[in-house]
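So for the sequence shown, our numbering puts the first residue at 103; every next one is plus one.
We put the CB at the ideal spot given by N, CA and C, even for glycine.
This structure is a prediction, so every number in the text was calculated from the model and none was measured.
Below: one structure, written as structure tokens.
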Amino acid sequence: MHITILSGSTRINRLSHRVAVGLANYINIQGQHTAEVVDLAEYRFPLMEEVLHRLPHPPAGLEEFAQKIKQSDAHIMVSPEYNGSYTAALKNAVDYLKEGEFQRKAVGVVSVTSGMMGGMRAALAMQQLVLGIGGYALPQMLTVGQVAQRFDENGDLLDPVFEKNVQTFLNNFFWLGEAVTEKKMAIA
Ligand SMILES: Cc1cc2nc3c(=O)[nH]c(=O)nc-3n(C[C@H](O)[C@H](O)[C@H](O)COP(=O)(O)O)c2cc1C
103 MHITILSGST RINRLSHRVA VGLANYINIQ GQHTAEVVDL AEYRFPLMEE
153 VLHRLPHPPA GLEEFAQKIK QSDAHIMVSP EYNGSYTAAL KNAVDYLKEG
203 EFQRKAVGVV SVTSGMMGGM RAALAMQQLV LGIGGYALPQ MLTVGQVAQR
253 FDENGDLLDP VFEKNVQTFL NNFFWLGEAV TEKKMAIA
């Protein structure tokens with residue numbers, strides 16, 4: 103499978119991006135699947151005024167972004183918890199896409215906080231978002247509290263105990279993603 107990891111924070115000095123990078127590295131090193139970070143801070147999409155397929159002049163990068171999502175087999179959304187939910191940047195980016203880019207694909211959610219709690223509310227809200235865009239929301243989630251103690255600035259895991267959570271989440275994600283991908287190959 104090719105997996106996109108959507109990095110949902112556009113904040114200066116953001117910490118959650120290291121989780122997106124870390125997960126991509128972790129998946130790529132294991133070698134079973136390939137992963138690519140899709141960084142919303144790089145795209146900096148303006149507030150959505152119309153969905154992509156109805157826009158005569160789409161903002162820079164939007165078509166590339168849509169293609170990356172379309173061409174991937176499965177997705178992981180990484181977002182910090184902001185005021186009890188995921189970021190507005192993530193919702194804004196997803197709202198541009200109305201051509202089924204996420205449809206019938208496994209989508210895992212990862213929430214991040216600097217504090218202890220790990221952002222369960224953001225994770226639950228992302229699962230709802232996944233249902234809204236026709237994806238198969240992975241029931242298991244990865245919540246990353248105290249992010250600076252779990253991932254360093256390069257995305258390397260700092261905590262061997264927490265690494266077990268990461269591997270369990272990914273095992274579940276791969277199971278669902280592979281099942282969906284195999285079904286598509288069987289009917290193609
Ligand atoms: C606008 C805003 C809202 C926040 N709301 C929450 C929250 O609801 N729950 C929480 O645990 N932390 C909250 N935090 C703290 C974030 O978890 C922490 O700043 C984290 O590093 C944000 O991720 P980022 O660095 O990738 O932007 C909030 C931070 C910001 C900037």
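- For E183, the Cβ falls inside the 7 Å cut-off from some heavy atom of ligand 1.
- In the structure shown, the three-state DSSP call for H119 is helix.
- In this structure, ligand 1 has a non-hydrogen atom nearer than 7 Å to the beta-carbon of T215.
- A distance criterion of 7 Å places the beta-carbon of S174 beyond contact range of ligand 1, judged by its closest non-hydrogen atom.
- Using a C-beta cut-off of 8 Å, the segment 195–214 makes contact with the segment 241–250, since at least three inter-stretch Cβ pairs fall below that distance.
- Per the coordinates, the alpha-carbon of L117 lies some 20 Å from the alpha-carbon of F147.
- Ligand 1 has no heavy atom closer than 7 Å to the beta-carbon of L192.
- One Cα belongs to I131, the other to H104, and the distance between them is close to 14 Å.
- Non-local beta-carbon contacts of D141 in its own chain, meaning distances under 8 Å to residues more than five positions away in sequence, involve S109, H119 and A122 in chain order.
- Here F253 has R120, V121, G124, L259 and L260 as same chain residues with Cβ atoms under 7 Å from its own Cβ, once five neighbours each way along the sequence are excluded.
- Between I178 and I107, the CB-CB gap stays under 8 Å.
- Residue pairing by DSSP places V212 opposite V180 and L244 in a beta bridge.
- An exposed status is given to L149, since fewer than 16 other beta-carbon atoms sit within 10 Å of its beta-carbon.
- Where D141 is concerned, the enclosing beta strand (DSSP E) starts and stops at T136 to D141.
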